[in-house]
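Protein chains in written order, with the working numbering: chain A, 14 to 345; chain B, 155 to 428.
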């Protein structure tokens, strides 16, 4: 079995270069056809925002890494890409690399299990195009088993490792049921939009938006099917919300401690969570001293992210043990 | 039988302590095997304790309600039993060690000071008294558990306010659930305390010649009952919630303990049987 693999990823290349070599599904299909003709008997092409990889069984001993790199570069019509920007694997190192990949320990965000799904999708495309044979099928079966073992037997994917997930983790430590809570997202720029979509995905049904440019908020509100308030008078509605996520580009506080005090009075002092992910901050941090006000800014959310990343790092030896066990049983 | 009772008297604090250690270890390490088996350990401890209580009842020919140290062992059992049911119903498993800690305290005090009482006053063998004491005890267990959840609420509340995201943040249920557990435990405590007071006030004057409406235990219980009553009313109809609510529960618990100690040890009361 002449296994061979190349990978351009977050360790080897800049985001610009990774972006330029990112493949759409159509491009993957084209590349499969080109590789099938001259280089690989079986193969798998993985392309995500953090990596593009070609893995397969070479048609002959003469096929080398540069052939695969050249195929990829030709596909994207890009010049000046050095072979040094690629990691290269042969034989069982290819399998070990794939095993590490599906468990998430090779990801930029350690334990990110999205890669598990992405590898499965890549396998499906190759299988559909008859690019998967006996050996890759066997490797993929092991990959699927290892990916599942890593999730169930270790804590490699546990805990929030992005700011928006950390915000949700924090909110869930205060409120029992997000679907019963109302949320106001102030600012519908990129950060606000991600937060709003993320909260919607987590089951928040009573979501409202406000933005200085009303049309922008309206557009996102239509997409997410939510209410929208004019920015000029959103403070009048503040007391109706259990969670406030603020992500505007304002240079000054848009909510003072007094605003929050008045809101709490109107809320009959029911707890409120304020997630201020704007830089510079939107809400006066002094409001955290008010009873039943849970104020969190980007720094406090980053503490959660850092802690969870460290916990995940501590799980790597356990995942490596699983990989080693599976690799041994694969060789046998 | 006496020797078995004496052995169990020594063993019970050890049983509770072992169960506490298992809960503590699971709280720190989150061990999947312990997470399931710790409930079994608690169940075994409760079975042993129940066996001990039954042996005492049979051997001494009265339910173990006749003095404060018998009450303490019953309270240790009630608190852990109430928690056991709560854990089964809610499947919230991260708070057990805090509750069991109280059972350990009650049981240790009881084990050290409890005596073999063969002869008790005739009125202490009454069934109605049994209901009175039983409802009071479950009421106290409710109050105790409410205070523990209140305390856990305060700890998590302060950690969240100070952006501390350690073990308590990871393991404890969220504030809303802790507040609910605190409130509902207090409501159960209040209702049962009400039953105990009603039975006590109606029946005891007829059966006890020393009964007095100015009895310190009665007055203390009445004050506690009023505090919890006001707290529950203000939670439902007013704005008592969150931190303030759990503080009321904790203050109520401290007063309950103080009232029990003062009326049993310091003041002369028809409730004192030693």
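Glycine residues also receive a C-beta, built at the ideal position from the N, C-alpha and C atoms.
Pairwise C-alpha distance: residue j and residue i
i	j	result
residue 428(B)	residue 209(B)	Summary for residue 428(B): the model assigns pLDDT 45, below 50, so the residue's position carries little reliability; its value from the coordinates is reported in the next sentence. Cα to Cα, the separation comes out at about 21 Å.
residue 393(B)	residue 159(A)	52 Å
residue 486(B)	residue 321(A)	With chain B covering 155 to 428 only, the question about residue 486(B) has no answer from this structure.
residue 255(B)	residue 171(A)	30 Å
residue 170(B)	residue 305(B)	21 Å
residue 412(B)	residue 235(B)	23 Å
residue 282(A)	residue 187(B)	42 Å
residue 192(A)	residue 330(B)	14 Å
residue 318(A)	residue 182(A)	10 Å
residue 260(B)	residue 196(B)	16 Å
residue 71(A)	residue 81(A)	10 Å
residue 335(B)	residue 345(B)	15 Å
residue 314(A)	residue 180(A)	6 Å
residue 335(A)	residue 198(B)	36 Å
residue 63(A)	residue 124(A)	14 Å
residue 155(B)	residue 309(B)	45 Å
residue 308(A)	residue 264(B)	46 Å
residue 263(A)	residue 386(B)	44 Å
residue 66(A)	residue 151(A)	19 Å
residue 339(A)	residue 155(A)	7 Å
residue 102(A)	residue 296(A)	51 Å
residue 360(B)	residue 226(B)	27 Å
residue 78(A)	residue 17(A)	7 Å
residue 325(B)	residue 211(A)	24 Å
residue 74(A)	residue 95(A)	23 Å
residue 93(A)	residue 343(A)	39 Å
residue 408(B)	residue 241(A)	49 Å
residue 132(A)	residue 323(B)	34 Å
residue 174(B)	residue 192(B)	9 Å
residue 179(B)	residue 302(B)	19 Å
CB contact flag (residue i, residue j, <9 Å)
i	j	result
residue 276(A)	residue 252(A)	yes
residue 274(B)	residue 216(B)	yes
residue 223(B)	residue 268(B)	yes
residue 354(B)	residue 372(B)	yes
residue 220(A)	residue 195(A)	yes
residue 24(A)	residue 100(A)	yes
residue 338(B)	residue 396(B)	no
residue 189(A)	residue 332(A)	no
residue 199(A)	residue 258(A)	yes
residue 300(B)	residue 248(B)	no
residue 350(B)	residue 375(B)	yes
residue 288(A)	residue 230(A)	no
residue 129(A)	residue 115(A)	yes
residue 294(B)	residue 358(B)	no
residue 328(A)	residue 218(A)	no
Closest residue to residue i among the options (Cα-Cα distance)
i	options	result
residue 203(B)	158(B), 181(B), 380(B), 351(B)	158(B)
residue 206(A)	233(A), 61(A), 242(A), 293(A)	233(A)
residue 285(B)	220(B), 376(B), 302(B), 368(B)	220(B)
residue 311(A)	299(A), 305(A), 78(A), 291(A)	291(A)
residue 19(A)	198(A), 53(A), 43(A), 122(A)	53(A)
residue 304(A)	162(B), 416(B), 399(B)	399(B)
residue 47(A)	29(A), 87(A), 243(A), 31(A)	87(A)
residue 270(B)	230(B), 415(B), 214(B), 200(B)	214(B)
residue 127(A)	169(A), 105(A), 213(A), 327(A)	169(A)
Residues that residue i bridges to, as DSSP identifies them
i	result
residue 287(A)	257(A), 308(A)
residue 224(A)	243(A)
residue 20(A)	66(A), 100(A)
residue 56(A)	69(A)
residue 412(B)	Partner(s): none; residue 412(B) has no beta bridge.
residue 219(A)	195(A)
residue 302(B)	Its beta-bridge partners do not exist; DSSP assigns none.
residue 296(A)	268(A)
Cβ-Cβ separation, residue j to residue i (assumed contact under 8 Å), whole Å
i	j	result
residue 253(B)	residue 237(B)	4 Å
residue 153(A)	residue 178(A)	Their Cβ separation, rounded to whole angstroms, is 29 Å, which puts residue 153(A) and residue 178(A) out of contact at 8 Å.
residue 406(B)	residue 390(B)	Their Cβ separation, rounded to whole angstroms, is 16 Å, which puts residue 406(B) and residue 390(B) out of contact at 8 Å.
residue 175(A)	residue 260(A)	Their Cβ separation, rounded to whole angstroms, is 14 Å, which puts residue 175(A) and residue 260(A) out of contact at 8 Å.
residue 57(A)	residue 68(A)	5 Å
residue 41(A)	residue 60(A)	6 Å
residue 306(A)	residue 267(A)	Contact flag wrong, Cβ pair sits at about 16 Å.
residue 38(A)	residue 138(A)	6 Å
residue 291(B)	residue 232(B)	5 Å
residue 370(B)	residue 403(B)	Actually they do not touch by this definition, with Cβ atoms about 23 Å apart.
Proximity test, Cβ basis, 9 Å: residue i and chain E
i	result
residue 88(A)	No chain E appears in the structure shown, which is made up of the protein chains A and B.
Cβ-heavy atom distance, residue i to the ligand NAP, below 8 Å
i	result
residue 237(A)	This structure simply doesn't include the ligand NAP, nor any ligand for that matter.
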